[in-house]
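Q: This is the structure, below, for whatever I ask next.
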Amino acid sequence: MKYLNKKAALKLCSFVLLLLGVLDIIRGFTHTFRVRYAAEYLAKIEPTSDSLVLMSAFGISNFLTGFLYFLIVFKAKNITPYVLTIIPISYMIGGLGMQYSNVILESEFRGQHMMKVYLATCLFTALLYFIVTQIENKHRGSKAQIIN
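Note that the numbering used here gives residue 1098 to position 2 of the sequence shown, counting from 1, and the numbers run on in steps of one.
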């Protein structure tokens, strides 16, 4: 019976990061070129000048992460599981910072539901890779003991 091996798990991580890169480019476009629509209908926040500037700045960072994910997938596949791990950790640190600063969400902010799926996908895909790697290394170690 075939099972998921380290190489296949790494390919899965790369594929997921590629999809997240595409999603971040779409988010970047929405937060910058369609910022009023995104504020009013997606985030459900008051489209004031300041909130639009902040959303646009977030869109710029979405472009940056999207293009960096592409670069990683095409030039440094071996670090994709680590990048997928860093993403939810970074959001967790940001969430702690917002709690520390007493920032309270007042609007509906519909994007939070998509972000929960986004972050869970990162975490579960990376964990799968690390579990498969651990099992493979353990299996390889037991084979070496049998040979000796």
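Ideal Cβ positions, reconstructed from N, Cα and C, are used throughout, including at glycine.
1. The alpha helix (DSSP H) that contains residue 1181, what's its start and end?
2. Just verifying my parser: in three-state terms, what is the DSSP assignment at residue 1200?
3. Tell me the DSSP secondary structure of residue 1229 in three-state form.
4. Give a yes or no on contact between the segment 1121-1133 and the segment 1147-1162, applying the rule of three or more CB pairs nearer than 8 angstroms.
5. Per DSSP, what kind of secondary structure is residue 1111 in: helix, strand or coil?
6. Could you tell me the distance, in whole angstroms, from the CA atom of residue 1223 to the CA atom of residue 1107?
7. Taking 7 angstroms as the limit between beta carbons, can you name the residues of its chain near residue 1101, skipping five residues before and five after?
8. What is the residue span of the alpha helix (DSSP H) that residue 1158 lies within?
9. Mark residue 1167 as exposed unless 16 or more other C-beta atoms lie within 10 angstroms of its C-beta, in which case mark it buried.
10. Assign residue 1103 to buried or exposed, taking buried as 16 or more other Cβ atoms, counted over all protein chains shown, within 10 Å of its Cβ.
A: So, to answer that:
1. 1176-1196
2. coil
3. helix
4. yes
5. helix
6. 14 angstroms
7. 1228 and 1232
8. 1145-1171
9. exposed
10. exposed
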